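Quick note: to get the numbering used here, add 160 to the position in the sequence shown (first position is 1). Since the structure comes first, as structure tokens, the remarks are kept for the end.
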Amino acid sequence: MRPFAYVKPADVEAAVHAATTEPGAKFLGGGTNLVDLMREGIERPDTVVDVTGLPFDTVDELPDGGLRIGALVRNSALAADRRVRTRYPMLSQALLSGASGQLRNMATVGGNLLQRTRCPYFYDAASACNKREPGSGCDALDGFNRSCAVLGVSESCIAAHPSDMAVALAALDAAIEVRGVSGTRRVPLAAFHRLPGDTPHIETTLNAGDLVTAVELPPAPVAATSRYRKVRDRASYAFALVSVAAALEVRDGTVTAVRLALGGVAPKPWRAAEAERLLLGGPADEAAFRRAAEAELASAAVREGNAFKTRLAVATIVATLRELSTEGAL
Ligand code: SF4
Numbered sequence: 161m162r163p164f165a166y167v168k169p170a171d172v173e174a175a176v177h178a179a180t181t182e183p184g185a186k187f188l189g190g191g192t193n194l195v196d197l198m199r200e201g202i203e204r205p206d207t208v209v210d211v212t213g214l215p216f217d218t219v220d221e222l223p224d225g226g227l228r229i230g231a232l233v234r235n236s237a238l239a240a241d242r243r244v245r246t247r248y249p250m251l252s253q254a255l256l257s258g259a260s261g262q263l264r265n266m267a268t269v270g271g272n273l274l275q276r277t278r279c280p281y282f283y284d285a286a287s288a289c290n291k292r293e294p295g296s297g298c299d300a301l302d303g304f305n306r307s308c309a310v311l312g313v314s315e316s317c318i319a320a321h322p323s324d325m326a327v328a329l330a331a332l333d334a335a336i337e338v339r340g341v342s343g344t345r346r347v348p349l350a351a352f353h354r355l356p357g358d359t360p361h362i363e364t365t366l367n368a369g370d371l372v373t374a375v376e377l378p379p380a381p382v383a384a385t386s387r388y389r390k391v392r393d394r395a396s397y398a399f400a401l402v403s404v405a406a407a408l409e410v411r412d413g414t415v416t417a418v419r420l421a422l423g424g425v426a427p428k429p430w431r432a433a434e435a436e437r438l439l440l441g442g443p444a445d446e447a448a449f450r451r452a453a454e455a456e457l458a459s460a461a462v463r464e465g466n467a468f469k470t471r472l473a474v475a476t477i478v479a480t481l482r483e484l485s486t487e488g489a490l
């Protein structure tokens, strides 16, 4: 690993200042992704700004009935939080489906949001990868692309976003609290991650020195009947081929509230807005679930290795909604 400077700021102002003024600075939270990338020489910060001493490690009630989750809350602690388990079960399930117990004990909410893709070419310095080295090409386009995305992709990059947690947050309309040089602002999760376009190395809308300080969850009664279903190559410690975060309320056979987001199929957590539009107010039956799922996947751009994801995503959406339609019926 190449040498780097290490600073541990005492407060958030000092953290943002260090990240803005120190050359090539990176924030360090749990380190479960950054340290791996530094070992591989993919991330090469000149300065590591350790933010683990900052007071962002609690989950607090918001006046409107939502939750404010500090960016340094560990993934395992958030998954076990009783309020999350009862009010937003899809979020608890998504967290528990990710990584291993040891990694969840270290990984933070802020780091989970910002983790980099697991596209194998991104980690292989001998391969062409526009995300690692802008303008170098993309070996995944005609290479091993089984894990790659099918929605929102470009000719520059087809990497999938790896987070499970962020898929649930997308379905829950979460907002990201960011502290930057001009103060604190809130960014809707939908506007936090970028699609690759022709600049896949720019993955979020954060500015230099911006620090994620919290995630806010608005109240969502429908989320009490929700599920995160993840399909992967191994039963544990594997990234999603396809995942579905869904919440459903059914009254007298009609869908009266629905939330749907997809993982493993797009470069960012994918809110299935078209499927939600088709489902809301319609019958809660298998045919309607399938029509909505197929409409959401209609714009899929597949490659030889990942063409199976379209059918798998449709089947996973239908199965998840079918399950919820019996639990969420009033
Ligand atoms: Fe790199 Fe993206 Fe291509 Fe993977 S899909 S090799 S991350 S540019």
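Built from N, CA and C at the ideal position, the CB exists for glycine as well. Everything numeric in this text was worked out from a predicted model, so none of it was measured.
The stretch 356–366 makes no contact with the stretch 161–172; the number of CB pairs closer than 8 Å stays below 3.
With fewer than 16 other CB atoms across the displayed protein chains lying within 10 angstroms of its CB, M161 is exposed. Residues of the same chain with a CB within less than 7 Å of the CB of Y283, apart from the 5 flanking positions on each side, are E200, I202 in chain order. Per DSSP, the beta-bridge partners of I336 are V347, V375. With fewer than 16 other beta carbons inside 10 angstroms of its own, E487 counts as exposed.
S252 is not a Cβ neighbour of L274, given a cutoff of 9 Å. In terms of side-chain proximity, the C-beta atom of F282 is found nearer than 8 Å to a non-hydrogen atom of the ligand SF4. A residue is called buried once 16 or more other Cβ atoms fall within 10 Å of its Cβ, and N367, having fewer, is exposed. When Cβ pairs closer than 8 Å are counted between the two stretches, the stretch 470–486 is seen to touch the stretch 403–414, the count reaching three or more.
Nearest neighbour of P163 by Cα position, chosen from S403, V195, A174, V211, turns out to be V195. Within the model, the alpha-carbon separation for D333 versus V172 is close to 26 Å.
In the DSSP assignment, L438 falls outside any beta strand (DSSP E) and lies within the alpha helix (DSSP H) extending over 433–439.
Here the distance from the Cβ of P356 to the nearest heavy atom of the ligand SF4 is below 8 Å. Apart from the 5 residues on each side of it in sequence, R264 sits with its Cβ closer than 6 Å to the Cβ of N235, S236 in its chain, given in chain order. L214 and A326 have their C-alpha atoms spaced approximately 22 Å apart.
Every beta strand (DSSP E) of 3 residues or more that sits fully in the stretch 273–347 is shown, in chain order, as 335–340.
K186 is bridged by DSSP to V208. For G261, the uninterrupted alpha helix (DSSP H) run begins and ends at 261–266, by DSSP. With respect to the C-alpha of P356, the residue from D393, V233, G312 having the closest C-alpha is G312.
In the DSSP annotation of this structure, the continuous segment of the alpha helix (DSSP H) that includes K469 starts and ends at 468–487. If the five residues before and after T373 are omitted, its C-beta is found closer than 6 Å to the C-beta atoms of F216, A231, E337, R339, all from its own chain and listed in chain order. By the C-beta criterion, the stretch 222–229 is judged not to be in contact with the stretch 173–192, since fewer than 3 inter-stretch pairs fall below 8 Å. With a cut-off of 8 Å on Cβ pairs, the stretch 339–351 is not in contact with the stretch 302–309, counting fewer than three such pairs. Remark: fewer than three beta-carbon pairs, one from each stretch, lie closer than 8 Å, so the stretch 285–301 and the stretch 431–447 are not flagged as touching. Close CB contacts of L440 within its chain, under the 7 Å cut and outside five residues either way in sequence, are with V415, V418 (chain order). Annotation: V233 is outside any alpha helix (DSSP H) and is labelled neither H nor E by DSSP. Contact annotation: Y248 and A421 have beta-carbon atoms that are not nearer than 9 Å.
DSSP, reduced to helix, strand and coil, places S257 outside both helices and strands of the structure shown, so it counts as coil. Counting the other Cβ atoms within 10 Å of the Cβ of R292 gives 16 or more, which makes it buried. Nearest neighbour of T246 by Cα position, chosen from S386, R431, A475, A426, turns out to be S386. Counting only residues of its own chain and dropping the five nearest sequence neighbours on each side, A426 has a CB closer than 7 Å to the CB of A309, L311, G312, A320, H321.
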